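Visitor:
Residue numbers (the numbering used here): 219 to 358.
#1: Please identify the residue among 242, 234, 258 and 232 whose C-alpha is closest to the C-alpha of residue 310.
#2: Out of 345, 322 and 349, which has the shortest C-alpha to C-alpha gap to residue 277?
#3: Report the CB separation of residue 283 from residue 324 in whole angstroms; it is logged as a contact under 8 Å.
#4: What residues in its chain sit with their C-beta under 8 Å from that of residue 231, if we drop five residues either side in the sequence?
#5: So, is residue 286 buried or exposed, given that buried needs 16 or more other C-beta atoms within 10 angstroms?
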């Protein structure tokens with residue numbers, strides 16, 4: 219049975235999950251600051267083993283981002299990602315002020331668009347919205 223724990227993700231687990239999916243390596247300090255400044259972190263456990271996590275950042279009023287969604291390779295395709303993504307969506311909805319609308323954004327890995335589309339996300343660019351963009355900044 220899958221158990222989800224809210225806001226209990228520790229630095230070591232976060233770094234370990236990132237490594238299992240070959241994401242960019244972070245320093246412990248970066249990881250701690252990222253977790254501390256998240257609006258929400260959730261971690262999925264099978265028995266006592268972490269098999270996935272998700273993290274939401276943002277202002278909690280106008281815009282939030284699904285910043286991380288990680289499922290270890292051996293647990294992919296079992297619905298864990300959907301479970302975590304829907305949890306984040308419900309949490310973001312709970313923050314939305316009555317009579318307002320919040321934008322929940324994300325940037326997904328190439329080839330993962332259809333997974334997010336199944337959960338109500340739209341790919342950009344559209345007729346109204348331009349493409350998403352990023353800029354990498356290096357410490358000097």
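Even glycine gets a Cβ: it sits at the ideal position worked out from N, Cα and C. Note that the coordinates shown come from a computational prediction; the quantities given were computed from them, not determined experimentally.
Guide: According to the structure data:
#1: As a first step, residue 310 is located in the chain shown; it is residue number 92 there, counting from the start. The shortest Cα separation from residue 310 among 242, 234, 258 and 232 belongs to 258.
#2: Walking along the chain shown from the start, residue 277 turns up at place 59. Minimum Cα distance to residue 277 is reached at 322.
#3: In the chain shown, the residue the question calls residue 283 occupies position 65. In the chain shown, the residue the question calls residue 324 occupies position 106. Confirmed, Cβ separation roughly 6 Å.
#4: One-based indexing of the chain shown puts residue 231 at position 13. So the qualifying residues of the chain are 261, 268 and 271.
#5: Looking up residue 286 in the chain shown gives position 68. Its Cβ being crowded by 16 or more others within 10 Å, residue 286 is buried.
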